[in-house]
Amino acid sequence: MNNFTHWNEEGRPKMVDISTKEITTRTAIARSTILLSDAVYEAIQQGGIKKGDPTQVAQIAGIMGAKKTADIIPMCHPIMLQGTDFQFDYEKGENGYELHIQATLKCNGKTGVEMEALTAVSVAALTFYDMCKAVDKTMVIKETYLVEKTGGKSGTFVHK
Numbered sequence: 006m007n008n009f010t011h012w013n014e015e016g017r018p019k020m021v022d023i024s025t026k027e028i029t030t031r032t033a034i035a036r037s038t039i040l041l042s043d044a045v046y047e048a049i050q051q052g053g054i055k056k057g058d059p060t061q062v063a064q065i066a067g068i069m070g071a072k073k074t075a076d077i078i079p080m081c082h083p084i085m086l087q088g089t090d091f092q093f094d095y096e097k098g099e100n101g102y103e104l105h106i107q108a109t110l111k112c113n114g115k116t117g118v119e120m121e122a123l124t125a126v127s128v129a130a131l132t133f134y135d136m137c138k139a140v141d142k143t144m145v146i147k148e149t150y151l152v153e154k155t156g157g158k159s160g161t162f163v164h165k
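Residues 6 to 165 in the numbering used here are what the sequence shown lists, from first letter to last.
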C-alpha cells in the first residue's frame with residue numbers, strides 16, 4: 006500500500022499532506038453537456054419554466070457546489086476559491102438542443118481546483134435538469150470533463 010498517495014503505511018485512507026507545497030495561481034475549466042428537447046428549449050426562450058430561469062439558478066447552484074466540494078469528495082482539501090465564472094451555450098442538434106455548461110475556477114493555493122470545477126458543472130447540470138423536468142424528463146446529462154487546468158507542480162493540462 007505504500008505506493009498509493011492516499012493510503013498510509015497501515016493501508017488506511019488518508020488526506021495527502023500539502024503543507025510543504027508552494028502556493029501558486031491555479032485555474033481549472035470544466036464542462037458538462039445536457040441534451041434537451043425542442044420543447045424544453047422553447048419553454049426556456051419563452052419564459053415558460055415555472056420555477057424561473059434555469060441557467061441563473063444552475064449557475065448559483067454550481068457556485069455553491071464548487072464551494073462545498075471538500076464536503077462531498079472525501080480526499081479533497083478545503084480551498085479558498087478566488088473566482089468562479091460560468092458560460093451557458095445552446096447548440097442546435099439533430100434531435101433538439103445541447104446545452105454546454107462551462108465553469109472556470111481560480112485560486113491561489115497549494116492544491117488545484119479541478120475537482121471544484123467538475124463539481125460546479127455537475128451540480129449546475131443537475132440543477133438545470135431539476136428546473137426543467139416538469140416540461141420534459143427525457144433530458145440527458147452527457148459527458149462531464151476537465152477542459153484545462155493550470156498551475157501547480159504538474160503544470161498545464163489541456164483536454165484534446
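All C-beta atoms in this analysis are idealised placements derived from N, C-alpha and C, irrespective of residue type, glycine included. Keep in mind that this is a model prediction, so the values were computed, not measured.
Residue i - containing beta strand (DSSP E), residue span
| i | result |
| --- | --- |
| A33 | T29 to L41 |
| D94 | G88 to G98 |
| K154 | V145 to T155 |
| G16 | Taken as a continuous stretch (DSSP letters only), G16 belongs to no beta strand (DSSP E), as it is neither H nor E. |
| G101 | G101 to G114 |
Distance CB(residue i)-CB(residue j) smaller than 8 angstroms
| i | j | result |
| --- | --- | --- |
| N113 | Q87 | yes |
| A48 | V140 | yes |
| A35 | L151 | yes |
| S159 | I106 | no |
Run of the alpha helix (DSSP H) containing residue i, from where it starts to where it stops
| i | result |
| --- | --- |
| G52 | Segment: none, G52 is in no alpha helix (DSSP H) and carries neither H nor E. |
| L167 | Here the chain has residues from 6 to 165 only, and residue 167 is not among them. |
Counted within 10 angstroms of its Cβ, other Cβ atoms place residue i as buried (16 or more) or exposed
| i | result |
| --- | --- |
| M6 | Reliability fails at M6, whose pLDDT of 46 lies under 50, so the model's placement of it is uncertain and no value is given. |
| I77 | exposed |
| V182 | Residue 182 is absent from the structure shown; the chain starts at 6 and stops at 165. |
(Q) With three or more C-beta pairs closer than 8 angstroms as the rule, is the stretch 24 to 32 touching the stretch 131 to 151? (A) no
Q. Okay, do the stretch 96 to 116 and the stretch 10 to 20 touch, 3+ Cβ pairs below 8 angstroms being the bar?
A. Result no; under three Cβ-Cβ pairs closer than 8 angstroms.
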